[in-house]
Each structure stands twice: as structure tokens, then as C-alpha cells.
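Taking it in order: structure first as C-alpha cells, then the write-up.
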Amino acid sequence: MRAVAETQDFRQELVALLPKLRRFATTLTRNASDADDLVQEACARAITRSRLWNGEGSLESWVYAMTRNLWVDEIRKRKIRAGTGTVDAADDGDLHVEASADKAVYAKQLHRMIMTMPEGLSSVFLLVNVEGHSYRGAADILNIPIGTVMSRLSAARIRLSEMIAEQAERSA
Amino acid sequence: MLERTRDLPLEVRLSAYLDGQLSEGEMNEIKRLLACDDEAQALLERLKLGSAFGNKAFGEMLNDPVPLQLVRDIKKGPSGASLSADIAPSASRLRSASTVGYWLRTVAVSLAIFVAGSCLGYLVGHREEETLPVQLIAARSWLDDVADYHRIYSRQGRHLAEVPASEPGHIVEWLSAGVGVNFAIPDLSQEKLAFEGARLLVTDGKPTAQLLYRDEDGDIFTICFLKSEAVGEKTEFTDAIRNDVALVSWQKDAVSYAVVGPSSDPALRRIAEAVASGI
């Protein structure tokens, strides 16, 4: 049985990972409420299975993959329980960014814009472009081929550049 | 490194070029294309723009405060399979329908235990109402005060400490006399914490020492202690969270201690262990 102190260290590492894990979960769920539920469930599962964690490699990648798998399961269940799908950020109010908005509002609007990206693009973009995972690492976490990582990454970059253009048009 | 991408759309190849994921031969090929093809160059600029914007937007997301309940559940929940029984009800939406019955039964049993425990607690606690509630309120009050002080003083950049770290002898003499507790200033350099100085506070109506430390990121950690009822052996560490501030507290002999820091910091328990052995 894992020593108490060791388990405590594992929990502490999970707590330190929370901001990034929530961000990753948000790219999967595309709404904050589901993301927090997903993170909670993923952390519970990670602690339950902490004995399987061998301390090698990246804890982040291990927990990310677990989070992604949980979400895939959840989506499958929701499809079975028809009519209980997620509410996309795209349907969630005003999405444009006001240049004059204060920092908190601006951040929230940026957040919502990101969530309007087509499913799958934001997760790949986050892992590779923002967090520096390799193509192979992102493919392993998301359980998709490297070719899909590449095409989603370029599509995400194009989509994000379009968002800036759309924003510029609104501001003009 | 990707060996062959020539069959892929140009934007995908350019995207991989941006990440340096192409083989040397293909990198050179893309460079030559960019030198003579304005459309390819424009496409590359769009990809770069999207990358920069996405980085900024995702960077902002890291500033979102982490729900404290989440931190509590991870830090304090039971280990192993029983943990999921301790997580907040909101997570149940992600559970399968097949587990609902199990949880309903668990809740029913828990309620029954709670009701029985409440009745028993009332019968037992009724005789102790003169003392127990007062002790609980006092314990809560001192930690609440400490958290409030921490929140305020940790933001005082130029006036962080009342007496600076350059006067360690005076700090020990002054606070030992003021608080009535003999102590040594713990060396927390192993925890990458630098001593910044000290303050004298009042918590729960009693003089309380506050030793202030700063970590490499500029976050402030404090050690607070005051005289309390004697307990003999050192008590277990107790974790607590007050909004954005986390505390680890314990008692030893006739002194109550607390180590205080940002609620997001995972190292607080380790710091508390170092303090308990070094103060």
C-alpha cells in the first residue's frame, strides 16, 4: 500500500496541476460547469489509481489522457440519454470582444471565443501550441493519429486568425 | 520529426513548419516556397497570428480561480475507491445511470447515520455545551484572523514586515516577550523561502507572532503562533482554506501554530513540517 506521505505528495501534485487541468477539460467540454465536474471526476479517478502511476513520464499527460477518456465515456452516455447534451459556448450569449472592456470581462470574452472553436480543435491547439506537447504526445493523450493532430492544429490556427479578423470587422 | 508531408494540404505543412516538425529536407523546401510564393507567405502569417492570439486567450484561462471545493476534495478526500463518495454532488452528473442507485442507497444510509449521530451527539454534547462550543469558536476565530491578516499584509510590497529580517535577534526577543512563546526563526531555505521579517498581531484577542517569508515567485508565506491551552504532545496537522488562503495548523505544548500561504500552493504541508521541526 502506498505510504500516506506519498499519497499526499500525489494529491499535492494534482492540486498544482488543477489550473491547467481545468483549462484542458474546458477544451473538451466547452462549458465551464461540465469542465469542473469532469476535473473532479478525473482527479478522483487519478487518486484511486495513483498506485498505477509509476512516477515516470509526465503526470500531466497521464491525467489528461484519463480526463479525455472520461469525457469520451460521458459523451457516449449523453448520446444514449438523448436530449441531455452540452450547451455550446457558441450558443451562450454575446461572443465578441469589446476593446474597452475591463480585464476580467475581456478575459471572459476571450475564453468564450476559444470555446466556439469546432470540437477537437481547441484541445489539440492547447496541447501543442500552448503547452508544448509534441505531436506524438498530443496524439497519445487524445487517442488520435498524428495526422489528425496536424490537420486540427492548422485548422485551429486558421480559425483563431479568422476570429481576429471578425473582431476587427466588428470594431470597424 | 515528420518525414513525408508532401501529400498534405499546404496549411498543414506550414503549420508543421512553424513547429519545426518537418524533416530538414522539407523545411528547406518550405523555405524556398515561402521566398517566392506570396500566398504561402500570407498563409504562414495567418497561422502565426492564430497561434499568437490562441496563446494569449488560453493564457488568460489560467488566471481563472480554481474552485476551492475542488482543492479541498483532492487534498482532504479519502484515498482509494472511497474518494468518489466524498466528492461534491455536482460531479454526479458525470456518473453513469447504473451508479445512481448505489449512491441513493449510500445517501440513505448516510442520512440515517447522520440522524442517529445527531441524536447521540445532542445527548452527549448537551452536558458539554458550556465548554465545547466555546473552544470551537475560539479555534475558528484565531485561524480566521490569521487568514485575514495574511491576505492584507501579503499585498504590502514595501511594508511587508513591521521589523525587517535584518534584525533577527530583536525579532526573537521582541516576539518571545510579546507573545509569551520561546521560538527560533525557522530556516526555510530548503523550501526556497526567504525570511522577510515579522509582525505582532492580535488574534482571538491574544498577541500573535507572524513571521513572513517570500518564495521565488514572490508569494508570501507566514508562520503564526500564539499561546493556547496546553495539549502535551504535538497534534496532527489540520488543513483549512479561507477563500484564497490556505492554512495548516497544529498545537504543541501550550502553543498553537499555523502556516499560511496561497490556497493554490501544494507545498504548504511540507513547509508546515519543516516549521514544526525548526521553530
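Protein chains in written order, with our numbering: chain A, 1 to 172; chain B, 1 to 279. No residue lacks a Cβ here, since even glycine has one placed at the ideal position from N, Cα and C.
In this structure Phe53/B is in contact with Ser161/A, their Cβ atoms being roughly 7 Å apart against a cut-off of 8 Å. Taking a beta-carbon distance threshold of 7 Å, Val163/B does not count as an interface residue toward chain A.
Fewer than three pairs of CB atoms, one per stretch, sit closer than 8 Å, so the segment 214-221 of chain B makes no contact with the segment 40-48 of chain B. For Phe221/B, the uninterrupted beta strand (DSSP E) segment begins and ends at Ile220 to Lys227. The Cβ of Lys234/B sits no closer than 7 Å to any Cβ of chain A. The C-alpha of Glu60/B is placed about 26 Å away from the C-alpha of Arg136/A.
Its Cα nearest to that of Val130/A, the residue Ile114/A stands out among Ile144/A, Met163/A, Ile114/A and Pro145/A. Residues of chain B with a Cβ closer than 7 Å to the Cβ of Asn69/A do not exist, since the nearest Cβ in that chain sits about 12 Å away. Contact annotation: Ser154/A and Ser51/B have beta-carbon atoms that are not nearer than 7 Å. Shown here for Arg242/B: same chain residues with a beta carbon closer than 6 Å to its own, the five before and five after excluded, namely Ala147 in chain order. When DSSP states are grouped into helix, strand and coil, Arg6/B belongs to the coil group. Using a Cβ-Cβ cut-off of 7 Å, Gln40/A counts as an interface residue toward chain B, since at least one Cβ of chain B sits closer than that to its own.
When secondary structure is reduced to three states using DSSP, Asp140/A falls in the helix class. For Thr203/B, the secondary structure class from DSSP, reduced to helix, strand or coil, is strand.
In this structure, the straight-line span from the alpha carbon of Lys79/A to that of Ala138/A is close to 25 Å. For the segment 127-150 of chain A, the residues whose beta carbon sits under 9 Å from a beta carbon of chain B are, in order, Val128, Asn129, Val130, Glu131, Ser134, Tyr135, Ile146, Gly147 and Met150. Taking a contact to require three or more Cβ pairs closer than 8 Å, the segment 246-259 of chain B and the segment 223-238 of chain B qualify as touching. Following the DSSP letters along the chain, one finds Lys252/B inside the beta strand (DSSP E) bounded by residues Val245 to Lys252. For Val259/B, the three-state secondary structure derived from DSSP is strand. In the structure shown, Arg242/B falls within a strand segment according to DSSP collapsed to helix, strand and coil. The beta carbon of Val12/B sits closer than 8 Å to those of Thr5, all from its chain and outside the five residues before and after it, given in chain order.
Excluding the 5 residues flanking it on each side, Ala156/A has same chain C-beta neighbours closer than 7 Å at Met117, Leu121, Ser122, Val124 and Phe125, in chain order. With its beta carbon at least 7 Å from every one in chain A, Lys192/B lies outside the interface.
Of the residues assessed, Val71/B falls on the buried side of the cut-off, its CB having 16 or more other CB atoms within 10 angstroms. Taking C-alpha positions only, Trp174/B is separated from Lys56/B by approximately 49 Å. When DSSP reads this structure, Arg214/B sits in a beta bridge with Ala194/B and Ile220/B.
Counting along the chain, no alpha helix (DSSP H) covers Ala165/B, and no H or E run does either.
Secondary structure at Leu22/B: strand, using DSSP grouped into helix, strand and coil.
Judged by beta-carbon spacing, Ala198/B lies beyond the 7 Å limit of Arg214/B, meaning their Cβ atoms are not closer than that value. A direct Cα-Cα distance of roughly 15 Å separates Asp73/A from Val63/A. Within chain B, the C-beta atoms nearer than 8 Å to that of Ile164/A come from Leu49, Gly50 and Phe53, in chain order. Contacts between Gln41/B and chain A, judged by CB atoms closer than 7 Å, are missing: the closest CB pair is about 14 Å apart. Residue pairing for Thr208/B: DSSP places it in a beta bridge opposite Leu201/B.
Note that the segment 266-277 of chain B touches the segment 180-192 of chain B; at least 3 beta-carbon pairs, one per stretch, sit closer than 8 Å. Each of Lys31/B, Cys36/B, Val255/B and Val66/B was checked against the Cα of Ala16/A, and the nearest Cα belongs to Val66/B.
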